[in-house]
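Number 147 in the working numbering belongs to position 143 of the sequence shown; there are no gaps in the numbering. Only one structure is covered here, and it is reproduced in the block below.
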Amino acid sequence: MAEHQPVRLGGSVLSRSCHVCAFFHSKEEEYRVLMPFIKDGFEQGDRAFHVVDPKHRTEHLRRLQDEGIDVADAQRRGQLEVRRWEEAYIKDAYFDQYRMIDTIKDALDPAKKPPGKLTRLVANMEWALEDLPGVHDIVEYETRLNHVLPEYHDPVVCTYDLSRFDASVVIDILRTHPMVIVGGILQENPFYVPPDEMLKELQERAAEKALE
């Protein structure tokens, strides 16, 4: 089996810990940091799986096109798949973390990409700000992904707008990712908490809240 090429992201090389939270202050910063990673994937023949805000889908495709990516051809060949939130996280107007984990596993299925290639998954996470059932399970979902993603070598980047999420949520999200992008720089996350430990903490919090 062919070896994967090094994956460059945020000015560094991604380690085997491929679950990344990427914090940004604006869309311009987000695209400036992530577009080289996305474009490099296309040049290496990797598959791209993107989940976007439905309001921004047209703009997202335009930005890819402006970078020289033949969007229509890539979609036709299956190299590019761009889903709206309601086609992924909030199907049927609610969030089910277990259903979404199955969606991620399906997206990373080795059969969907050429041998020796990766799927580079980038997901906008602002769906969790919608007033819909289940969205408050986002921290537990991000934690449970760490049980699943080590089975794959594919980079999974979850993007968060720091101006829109509460500080307490940002701190919890930070603790669920082995790697983090802050200030446009990728680094090992010293605040990462292993999933079993994090799930226990979340369960204890829920129990305490139930007693209030």
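Glycine residues also receive a C-beta, built at the ideal position from the N, C-alpha and C atoms.
For residue i: DSSP bridge partner residues
i    : result
S16  : L13
Q192 : This sequence places Glu at residue 192; Gln is not what is there. Paired residues: M183.
L125 : F53, V160
F99  : According to DSSP, F99 bridges with nothing at all.
Coarse secondary structure for residue i, derived from DSSP in three states
i    : result
Y145 : helix
T165 : Residue identity differs from the one stated: residue 165 is Asp in this sequence, not Thr. It is a strand residue.
E216 : coil
L84  : strand
A26  : strand
A211 : helix
E71  : coil
E134 : coil
A6   : At A6 the pLDDT is 48, less than 50, meaning the model places this residue with poor confidence; the figure from the coordinates comes in the next sentence. Here A6 sits in coil by DSSP.
Y35  : helix
Best match in the options for proximity to residue i [C-alpha to C-alpha]
i    : options               : result
H181 : E33, K204, Y196       : Y196
F99  : G138, Q69, F169, E34  : G138
D200 : A214, Y145, A211      : Y145
M129 : V24, E216, V152, P114 : V24
V17  : W89, I185, E205       : I185
D70  : M39, R88, W89, D57    : M39
K121 : T147, I73, D158       : D158
K59  : A78, E90, L84, G72    : E90
E155 : I105, D57, G49        : I105
D57  : P198, N193, C162      : C162
Alpha-carbon spacing of residue i relative to residue j, whole angstroms
i    : j    : result
A6   : T107 : Caution is warranted here: a pLDDT of 48 is assigned to A6, below 50, making its placement in the model unreliable, and the coordinate value is therefore given only provisionally. So the alpha carbons of these two residues sit roughly 26 Å apart.
F119 : F169 : In the sequence on display, residue 119 carries Pro and not Phe. So the alpha carbons of these two residues sit roughly 38 Å apart.
D55  : A210 : Checking the sequence, you will find Val at residue 55 rather than Asp. When rounded, the distance between both Cα atoms is 29 Å.
D44  : V86  : 17 Å
S30  : L68  : 17 Å
E63  : G188 : 21 Å
V75  : E47  : 13 Å
V174 : L206 : 15 Å
Y35  : M202 : 30 Å
E208 : L215 : 11 Å
G82  : A97  : 27 Å
P10  : N150 : 21 Å
E204 : K213 : First, the residue type needs correcting, since residue 204 is Lys and not Glu in the sequence shown. Straight-line Cα distance between these residues: approximately 14 Å.
CB contact flag (residue i, residue j, <7 Å)
i    : j    : result
R12  : T123 : no
F53  : A111 : yes
Y93  : W131 : yes
V160 : L166 : no
L190 : G14  : yes
R61  : R88  : yes
Cβ-heavy atom distance, residue i to the ligand GTP, below 6 Å
i   : result
V37 : Ligands are entirely absent from the displayed structure, and the ligand GTP is therefore not among its contents.
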